[in-house]
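Undergrad: In the working numbering, the protein residues as written are 3 to 256. The C-beta atom is built at its ideal place from N, Cα and C for all residues, glycine as well. Mind having a look at this structure? Questions to follow.
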Ligand code: NAP
């Protein structure tokens, strides 16, 4: 088996029907994995699956609301029913609610933590027995620059994304014995639906990101294909518990 070959592997990508998730689905499908695109919006899911098949990949849509533990378990069961095993889980589904800290209702704070952090834990718990059966697995959790930095408009989001890094480290320690590697990816500022709304709320965001990013551009969703393949392949078998920025240098600029 070639180093980055994912032939015969089965991957679930939550939030795979658009944005960064779809960028990772493209990479995984191109490398040979069978990809389960998991999200709520079935129309976007069907379009993503059609695109992945069009480029020669194998893909199916599975409806999931990651806020529900039951739905996370049903998603894993459905992936195994369709493809017979589970090797790779990408916890990418996420939301943000942007306000000053004093303005959040507690329910809004909890909603962001549920979708971004608690969901990842639930999906990992659901995936664990299947990965053990498969002889090992790869977990990729999507953090953020807000896993490292704070921001005045991001109290729940930064809390959830900081938690993602620590959850990943804990899982990496616990499940190394089962040949499961768990790593986080920390995207910089990427042009997606999520950041389009951020640009409307945060004045001057587009320009300030450009000014700070050594690469001189915002990121593109396809910038995540390579790291998804690396962290899913045997090339990363001795890489676990890390948090890898994919940010054009944003996080290393003084
Ligand atoms: P996006 O285009 O808004 O994608 C978010 C995805 O999450 C959608 O596919 C959405 O699908 C899914 N989702 C949201 N709530 C869900 C739920 N309850 N159950 C199932 N799926 C759900 O945003 P994106 O920018 O690609 O973000 C993807 C990930 O990257 C997120 O975790 C985000 O925090 C992180 N991130 C993004 C940036 C950036 O600059 N864009 C930077 C750092 C981190 P449905 O609505 O169909 O369910």
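Closest to residue 102 by CA distance: which of 59, 158 and 112 is it?
TA: Here residue 102 corresponds to residue number 100 of the chain shown, with the count starting at 1. Checking every option, the nearest Cα to that of residue 102 belongs to 158.
Undergrad: Ligand 1 and residue 196: does any heavy atom of the ligand fall closer than 7 Å to the residue's C-beta?
TA: Translated into the one-based positions of the chain shown, residue 196 becomes position 194. Yes, the beta carbon of residue 196 sits closer than 7 Å to at least one heavy atom of ligand 1.
Undergrad: Please confirm if the segment 204-213 is in contact with the segment 228-243, defined as three or more CB-CB distances below 8 Å between the two stretches.
TA: Verdict: no, contact absent.
Undergrad: If you pair each beta-carbon of the segment 114-134 with each one of the segment 158-175, do three or more pairs fall below 8 Å?
TA: The answer is yes - the segment 158-175 touches the segment 114-134, with three or more Cβ pairs under 8 Å.
Undergrad: Should residue 185 be listed as close to ligand 1, given that the test is whether its C-beta is under 7 Å from any heavy atom?
TA: Here the question's residue 185 lines up with position 183 in the chain shown. No - ligand 1 has no heavy atom lying nearer than 7 Å to the Cβ of residue 185.
Undergrad: Which ranges would you report for the beta strand (DSSP E) in the segment 86-114 if only whole runs of at least 3 residues count?
TA: Fully enclosed beta strand (DSSP E) runs of 3 or longer: 90-93.
Undergrad: Give the secondary structure of residue 62 by DSSP, where H, G and I count as helix, E and B as strand, and everything else as coil.
TA: Position 60 of the chain shown, counted from the first residue, corresponds to residue 62. If DSSP states are grouped into helix, strand and coil, residue 62 belongs with the strands.
Undergrad: Would you check whether ligand 1 has a heavy atom nearer than 7 Å to the C-beta of residue 41?
TA: On the chain shown, residue 41 is found 39 positions in, with the first residue counted as 1. Yes, since a heavy atom of ligand 1 falls inside the 7 Å radius drawn around the Cβ of residue 41.
Undergrad: Quick one: using the 10 Å Cβ neighbour count with 16 as the cut-off for buried, is residue 219 buried or exposed?
TA: Taking the first residue of the chain shown as 1, we reach residue 219 at position 217. The residue is exposed, with fewer than 16 neighbouring Cβ atoms inside 10 Å.
Undergrad: With which residues is residue 229 paired in a DSSP beta bridge?
TA: Within the chain shown, residue 229 is the residue found at index 227, counting from 1. Answer is none; residue 229 lacks a bridge partner.
Undergrad: My guess is that residue 11 and residue 31 are in contact by the Cβ rule of under 8 Å, so how many angstroms apart are they, rounded?
TA: Residue numbering aside, residue 11 sits at position 9 when the chain shown is read from its first letter. Residue numbering aside, residue 31 sits at position 29 when the chain shown is read from its first letter. Wrong, their Cβ atoms sit about 11 Å apart, outside the cutoff.
Undergrad: Tell me where the alpha helix (DSSP H) around residue 188 begins and ends.
TA: Taking the chain shown and counting its residues from 1, the one referred to as residue 188 is at position 186. Run containing residue 188: none in the alpha helix (DSSP H); it sits in the beta strand (DSSP E), 182-189.
Undergrad: For residue 9, which option in 69, 42, 87 and 50 has the closest C-alpha, if you only look at C-alpha atoms?
TA: Position 7 of the chain shown holds residue 9. Cα-wise, what sits closest to residue 9 is 87.
Undergrad: For ligand 1, is there any heavy atom lying closer than 7 Å to the beta carbon of residue 191?
TA: Within the chain shown, numbered from 1, the residue matching residue 191 stands at position 189. Yes, since a heavy atom of ligand 1 falls inside the 7 Å radius drawn around the Cβ of residue 191.
Undergrad: Residues bridged to residue 138 by DSSP?
TA: Here residue 138 is taken as the residue at index 136 of the chain shown, counted from 1. The partner list for residue 138 (beta bridge, DSSP) is empty, contrary to what the question assumes.
Undergrad: Is the CB-CB distance between residue 21 and residue 225 below 8 Å?
TA: The sequence position of residue 21 within the chain shown is 19, counting from 1. The sequence position of residue 225 within the chain shown is 223, counting from 1. No, they are not a contact pair.
Undergrad: Since residue 141 and residue 182 should fall inside the 8 Å C-beta cutoff, what is the C-beta to C-beta distance between them, to a whole number of angstroms?
TA: Sequence index remark: in the chain shown, residue 141 carries index 139 (1-based). Sequence index remark: in the chain shown, residue 182 carries index 180 (1-based). Residue 141 to residue 182, Cβ: 7 Å. Contact.
Undergrad: Cβ atoms of residue 50 and residue 74: under 8 Å apart, would you say?
TA: Counting from one through the chain shown, the residue named residue 74 turns up at place 72. Counting from one through the chain shown, the residue named residue 50 turns up at place 48. Not a contact, by the Cβ cut-off of 8 Å.
Undergrad: Which residue comes first and which comes last in the alpha helix (DSSP H) that contains residue 36?
TA: Start at 1 with the first residue of the chain shown, and residue 36 comes out as number 34. Residue 36 -> not in any alpha helix (DSSP H); beta strand (DSSP E) instead, spanning 36-41.
Undergrad: On the DSSP letters alone, give me the boundaries of the beta strand (DSSP E) that residue 242 sits inside.
TA: Along the chain shown, one-based indexing puts residue 242 at 240. Element bounds for residue 242: n/a, residue is neither H nor E.
Undergrad: For residue 195, which residues in the same chain have their Cβ closer than 8 Å to its Cβ, ignoring the five residues on either side in sequence?
TA: For the purposes of this step, residue 195 is identified with residue 193 of the chain shown, where counting begins at 1. Closer than 8 Å at Cβ, skipping near neighbours: 20 and 21.
Undergrad: Take the Cβ of residue 222 as the centre, count every other Cβ of all protein chains shown within 10 Å, and call the residue buried at 16 or more, exposed below.
TA: Within the chain shown, residue 222 is the residue found at index 220, counting from 1. So residue 222 counts as exposed.
Undergrad: To the nearest angstrom, how far is it from the Cα of residue 91 to the Cα of residue 153?
TA: As a first step, residue 91 must be located in the chain shown, where it is residue number 89. As a first step, residue 153 must be located in the chain shown, where it is residue number 151. Near 29 Å, if we compare the C-alpha coordinates of residue 153 and residue 91.
Undergrad: I'd like to check one pair, residue 133 with residue 253: are the Cβ atoms closer than 8 Å?
TA: Numbered from 1 along the chain shown, position 251 holds the residue referred to as residue 253. Numbered from 1 along the chain shown, position 131 holds the residue referred to as residue 133. No, the Cβ-Cβ distance between residue 253 and residue 133 is not below 8 Å.
Undergrad: Could you pull the start and end residues of the alpha helix (DSSP H) that residue 68 belongs to?
TA: Here residue 68 is taken as the residue at index 66 of the chain shown, counted from 1. Here residue 68 belongs to no alpha helix (DSSP H), and DSSP marks it neither H nor E.
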